[in-house]
Amino acid sequence: MVTASDSPYDLPIYPRLYRASKHDSVLFVSTFHELKHWYSDWKISEVILDSALDAFPIYEMLEHYDVSAIIDLNPRRSKQFQHKQMDINLKGVPVCPIGREMIHWGLNQKTYRRKWRCPAVCGKWECPNPCSDSDYGRTFYTATKDNPRLSAIIDLNPRRSKQFQHKQMDINLKGVPVCPIGREMIHWGLNQKTYRRKWRCPAVCGKWECPNPCSDSDYGRTFYTATKDNPRLFPRIKRDSKEWRKRYSLRTGVERCIKRQKVDYRLEDSRGRSSRHWNIRTYIIGMCQHADAWIKEAKKNNFVATNPIIQSFLSL
Numbered sequence: 121m122v123t124a125s126d127s128p129y130d131l132p133i134y135p136r137l138y139r140a141s142k143h144d145s146v147l148f149v150s151t152f153h154e155l156k157h158w159y160s161d162w163k164i165s166e167v168i169l170d171s172a173l174d175a176f177p178i179y180e181m182l183e184h185y186d187v188s189a190i191i192d193l194n195p196r197r198s199k200q201f202q203h204k205q206m207d208i209n210l211k212g213v214p215v216c217p218i219g220r221e222m223i224h225w226g227l228n229q230k231t232y233r234r235k236w237r238c239p240a241v242c243g244k245w246e247c248p249n250p251c252s253d254s255d256y257g258r259t260f261y262t263a264t265k266d267n268p269r270l271s272a273i274i275d276l277n278p279r280r281s282k283q284f285q286h287k288q289m290d291i292n293l294k295g296v297p298v299c300p301i302g303r304e305m306i307h308w309g310l311n312q313k314t315y316r317r318k319w320r321c322p323a324v325c326g327k328w329e330c331p332n333p334c335s336d337s338d339y340g341r342t343f344y345t346a347t348k349d350n351p352r353l354f355p356r357i358k359r360d361s362k363e364w365r366k367r368y369s370l371r372t373g374v375e376r377c378i379k380r381q382k383v384d385y386r387l388e389d390s391r392g393r394s395s396r397h398w399n400i401r402t403y404i405i406g407m408c409q410h411a412d413a414w415i416k417e418a419k420k421n422n423f424v425a426t427n428p429i430i431q432s433f434l435s436l
């Protein structure tokens, strides 16, 4: 079931029935392409999915169609990894050599490339093992194209997720770089064109002394992450941010839509056995949901008395 996440009435826009033996990730790919085929004039800007669809090919497919994906990470298949000799945690944040998350220092909106800086320099504390001699500190970049999985609004699957490395920097499940001492780097801006984020040293930004500084620079170590590098770890909307949680909360609309069909319209009480029967009932119920929304909207705008079509609906 595909629903409009920004609809106040949780309206269905593309009901599709499949056999229960097929996996959700496979069904989504076919449904998405059907939707693009039948409604080619629609501009789909964002897709919100749960962790069952936390698959790298889905991120790549959505990135190909310039769709922002909000997918929860699946912890069973997520782990910290390395990207360009930098450890990246499950938050998509580069981790410095002492295990601290780097500081986000901006995003390129065109390329979705993020800049990350040394946490020690940004926090103004002394790192015991500096990565750079620069006063600015070490800098790192991440891009959505490098790993689309961290770029979408899709909940990560915890069974397949863990902290990993990106450009020799540890990245946690939030897509935040982690410095060598285990502290998350500080987000220091986003390039709105490239979706490239900048991360800075937490010690420098927080004005505290790092026991093992990565850089001798006063500015601290800097790191960049871009959506193109890894769409799963480095989403266009920063994973676990306030905006990301706000967007992902809209996914509950599809649950309310299905509940309305099954319970309010008594779809689950049907005794049909053929797929034709279920398809017909599902589509008729979807039409009724839209009709209900029209009537509610007309009543809200005092449009009922002047519109004969709505009056005919109310007389049924």
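Numbered per the working numbering, the sequence shown spans residues 121 to 436. Heads up, the beta-carbon is just placed ideally off N, CA and C, and yes, glycines get one too.
Closest by C-alpha distance to residue i, when choosing among the options
i: residue 228; options: 239, 160, 257 and 313; result: 313
i: residue 341; options: 295, 147 and 258; result: 258
i: residue 317; options: 262, 392 and 215; result: 262
i: residue 329; options: 393, 218 and 383; result: 218
i: residue 359; options: 172, 348, 395 and 213; result: 213
i: residue 150; options: 177, 362 and 399; result: 177
i: residue 233; options: 264, 392 and 203; result: 264
i: residue 237; options: 339, 390, 382 and 353; result: 339
i: residue 388; options: 420, 192, 402 and 326; result: 402
i: residue 152; options: 230, 141, 184 and 130; result: 184
i: residue 420; options: 145, 128 and 301; result: 128
i: residue 131; options: 381, 306, 361 and 394; result: 381
i: residue 291; options: 383, 223 and 375; result: 223
i: residue 311; options: 345, 394 and 146; result: 345
i: residue 121; options: 179, 375 and 407; result: 375
i: residue 159; options: 343, 260, 405 and 133; result: 133
i: residue 335; options: 260, 143 and 142; result: 260
i: residue 385; options: 409, 396 and 365; result: 409
i: residue 333; options: 302, 352 and 361; result: 302
i: residue 201; options: 306, 230, 352 and 155; result: 352
i: residue 377; options: 406, 395, 298 and 365; result: 406
i: residue 284; options: 141, 203, 143 and 179; result: 203
i: residue 192; options: 365, 306 and 379; result: 365
Buried versus exposed call for residue i [16 or more other C-beta atoms within 10 Å across all chains shown]
i: residue 139; result: exposed
i: residue 373; result: buried
i: residue 418; result: buried
i: residue 411; result: exposed
i: residue 205; result: exposed
i: residue 293; result: buried
i: residue 207; result: buried
i: residue 308; result: buried
i: residue 363; result: exposed
i: residue 194; result: buried
i: residue 286; result: buried
i: residue 422; result: exposed
i: residue 105; result: Residue 105 is absent from the structure shown; the chain starts at 121 and stops at 436.
i: residue 296; result: buried
i: residue 61; result: No answer is possible for residue 61: it lies beyond the span of the chain, which begins at 121 and ends at 436.
i: residue 157; result: exposed
i: residue 390; result: exposed
i: residue 383; result: exposed
i: residue 171; result: buried
i: residue 235; result: buried
i: residue 161; result: exposed
Cβ shell of residue i (< 8 Å), same chain only, five flanking positions each side left out
i: residue 370; result: 125, 126 and 168
i: residue 392; result: 398 and 401
i: residue 395; result: 137
i: residue 289; result: 202, 203, 204, 205, 206, 207, 208, 214, 215, 216, 222, 236, 260, 297, 298 and 343
i: residue 123; result: 130, 131, 132, 133, 373, 374 and 377
Rounded Cβ spacing between residue i and residue j (contact assumed at less than 8 Å)
i: residue 331; j: residue 247; result: 7 Å
i: residue 319; j: residue 398; result: So it is not a contact: roughly 50 Å between Cβ atoms.
i: residue 216; j: residue 321; result: 7 Å
i: residue 221; j: residue 304; result: 2 Å
i: residue 300; j: residue 249; result: 6 Å
Cutoff 6 Å; reference residue i; Cβ partners in own chain excluding five residues on either side
i: residue 323; result: 239, 240, 243, 245, 247 and 330
i: residue 347; result: 232, 263, 264, 271, 315, 354 and 356
i: residue 164; result: 187
i: residue 148; result: 173
i: residue 146; result: none
Beta-carbon contacts of residue i that lie in its chain and below 7 Å, excluding the five residues immediately before and after
i: residue 84; result: Residue 84 falls outside the range modelled here, since the chain spans only 121 to 436, and no answer is possible.
i: residue 181; result: 149
i: residue 175; result: 145
i: residue 135; result: 121, 402, 403 and 406
i: residue 155; result: 122 and 134
- Quick one: complete beta strand (DSSP E) runs, 3+ long, within the stretch 188-255? 188-193, 196-208, 215-217, 223-228 and 233-237
- Query: In chain order, which continuous runs of the alpha helix (DSSP H) of length 4 or greater are located wholly inside the stretch 342-417?
  - Reply: 362-368 and 372-379
- Query: What residue ranges within the stretch 131-169 form continuous beta strand (DSSP E) runs of no fewer than 3 residues, ordered along the chain?
  - Reply: Taking only runs of at least 3 residues, the beta strand (DSSP E) segments lying wholly in the stretch 131-169 are 132-134 and 166-168.
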